[in-house]
Amino acid sequence: MKRRVRTVLRWQLANGVQFVRSHVDVCDPELRAVRALLELRQEIGDQMTLQLVAFP
0 MKRRVRTVLR WQLANGVQFV RSHVDVCDPE LRAVRALLEL RQEIGDQMTL
50 QLVAFP
C-alpha cells in the first residue's frame with residue numbers, strides 16, 4: 000500500500016499539487032494504513048502538505 004500511495008503522491012507533485020487531504024482507515028487494530036501514511040507524510044513534508052483524516 001505504501002508504494003502505491005507514494006506513486007500517486009509523486010504524480011500529484013509532478014502536476015503541481017501542494018496539498019492533499021486523505022481519509023485513512025482506522026478499523027485495523029494495528030493501524031497499518033495510518034502508520035504507513037504518517038511515514039510518507041514525513042518523507043514528503045518538505046514538498047507537499049499531506050493531511051490525514053480518520054475514517055470511519
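So in numbering that gives the first Met the number 0, the last spot in the sequence shown is 55, and the numbers never skip.
Where a beta carbon is used, it is the ideal one built from N, C-alpha and C, also for glycine.
Since the structure is predicted, the reported quantities are computational estimates derived from the model, not experimental observations.
Residue range of the alpha helix (DSSP H) that includes residue i
i: V16; result: No alpha helix (DSSP H) holds V16; DSSP gives it neither H nor E.
i: L49; result: No alpha helix (DSSP H) contains L49, which is instead part of the beta strand (DSSP E) from T48 to F54.
Residue(s) in a DSSP beta bridge with residue i
i: D27; result: Paired residues: none, contrary to the question.
Residue i burial status per 10 Å Cβ neighbour count (16 or more: buried)
i: A13; result: exposed
Rounded straight-line distance, which links the Cα of residue j to that of residue i
i: A32; j: V23; result: 7 Å
i: R5; j: P28; result: 23 Å
i: A50; j: R20; result: Looking at the sequence provided, one finds Gln at residue 50 rather than Ala. About 5 Å.
i: D11; j: M47; result: Contrary to the premise, residue 11 reads as Gln rather than Asp in this sequence. Cα to Cα, the separation comes out at about 9 Å.
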